[in-house]
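**Student:** In my numbering, the protein residues as written are 11 to 190.
Idealized CB from N, CA, C, for every residue including glycine.
1) Should the segment 37-53 be regarded as contacting the segment 137-150, the criterion being three or more beta carbon pairs within less than 8 Å?
2) In this structure, what does DSSP give as the bridge partners for residue 60?
3) Between which two residues does the alpha helix (DSSP H) harbouring residue 24 extend?
4) Going residue by residue through the segment 121-154, where are the continuous alpha helix (DSSP H) segments of at least 4 residues, counting only ones entirely within it?
5) Please report the distance separating the alpha-carbon of residue 98 from that of residue 179.
6) Suppose the cutoff is 7 Å on Cβ atoms and the five residues either side in sequence are ignored; what does the same chain contact list for residue 175 look like?
7) Helix, strand or coil for residue 30, going by three-state DSSP, please let me know.
8) Is it buried or exposed for residue 136, if we count other Cβ within 10 angstroms and need 16 for buried?
9) Leaving out five residues before and five after residue 30 in sequence, what residues of the same chain have Cβ atoms less than 8 Å from its Cβ?
10) Using CA atoms only, rank isn't needed, just tell me which of 37, 15, 14, 156 is closest to residue 186.
11) Within the chosen definition, does the segment 157-174 reach the segment 46-55 through at least 3 CB pairs nearer than 8 Å?
12) Select from 157, 91, 64 the residue whose C-alpha is nearest the C-alpha of residue 14.
13) Compute the Euclidean distance between the alpha carbons of residue 94 and residue 88, then round it to the nearest angstrom.
14) So, is residue 127 buried or exposed, given that buried needs 16 or more other C-beta atoms within 10 angstroms?
15) For a test of the three-state rule: what should DSSP assign to residue 98, helix, strand or coil?
16) Can you give me the C-alpha to C-alpha distance between residue 17 and residue 118, rounded to a whole angstrom?
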């Protein structure tokens, strides 16, 4: 997640580089979406526990869909969103910052950002492949109810963002107007 965070902050900087109201609006939306995706992902990471203690390796997710399909489904939604797959929230966050860059004639920056997003998607898709297509290495202990709530709300937000994005965009637009 550390390298992922660095990449995602780069996408936010694309919106700032546009130096426009649309860029600030895009960054505000992107940061909210990124916050929710990251909260859900970290809730999952905190829940990755076995009787022996915490697990820290990506390979420990192998076969999770067999042992805990709900947990695997929600993490899959979050991973697809982090990768920027439409119609999930992560796609819309990237859409707004790249669109602001294009409108500011920063075509090369937008192209580089899209290409970086495609390359970054590999790492998220690798996690999804491990969870759904590899042999299980063992299940996790039951998730605490607080973590389950955070994971569920985060998953619902990125899944249904397309339905609730209008008011968020309106607030982001109002915030961006204060800068321009």
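**Tutor:** On the basis of the supplied data:
1) No, the segment 37-53 is not in contact with the segment 137-150.
2) Mapped onto the chain shown, residue 60 falls at position 50. Looking at the DSSP output, residue 60 sits in a beta bridge with 63.
3) Position 14 of the chain shown, counted from the first residue, corresponds to residue 24. Unbroken alpha helix (DSSP H) run through residue 24: 12-27.
4) Here no run is fully enclosed.
5) For this step, residue 98 is matched to residue 88 along the chain shown. For this step, residue 179 is matched to residue 169 along the chain shown. About 15 Å.
6) Indexing the chain shown from 1 puts residue 175 at position 165. When the five nearest sequence neighbours on each side are left out, the beta carbons in the same chain lying within less than 7 Å of the beta carbon of residue 175 are those of 102, in order along the chain.
7) Against the chain shown, residue 30 aligns to sequence position 20. Coil, per DSSP.
8) By 1-based counting over the chain shown, the position of residue 136 is 126. Residue 136 is exposed by the Cβ-count criterion.
9) For this step, residue 30 is matched to residue 20 along the chain shown. Non-local beta-carbon contacts of residue 30 in its own chain, meaning distances under 8 Å to residues more than five positions away in sequence, involve 110, 113, 114, 190 in chain order.
10) One-based indexing of the chain shown puts residue 186 at position 176. Minimum Cα distance to residue 186 is reached at 37.
11) The answer is yes - the segment 46-55 touches the segment 157-174, with three or more Cβ pairs under 8 Å.
12) One-based indexing of the chain shown puts residue 14 at position 4. Closest in alpha carbon position to residue 14, among 157, 91, 64, is 91.
13) The sequence position of residue 94 within the chain shown is 84, counting from 1. The sequence position of residue 88 within the chain shown is 78, counting from 1. Answer to the nearest angstrom: the Cα atoms are 10 Å apart.
14) Position 117 of the chain shown, counted from the start, is the residue given in the question as residue 127. By the 10 Å Cβ count, residue 127 comes out buried.
15) As a first step, residue 98 must be located in the chain shown, where it is residue number 88. Coil.
16) Translated into positions along the chain shown, residue 17 becomes position 7. Translated into positions along the chain shown, residue 118 becomes position 108. Counting only the Cα atoms, residue 118 lies some 17 Å from residue 17.
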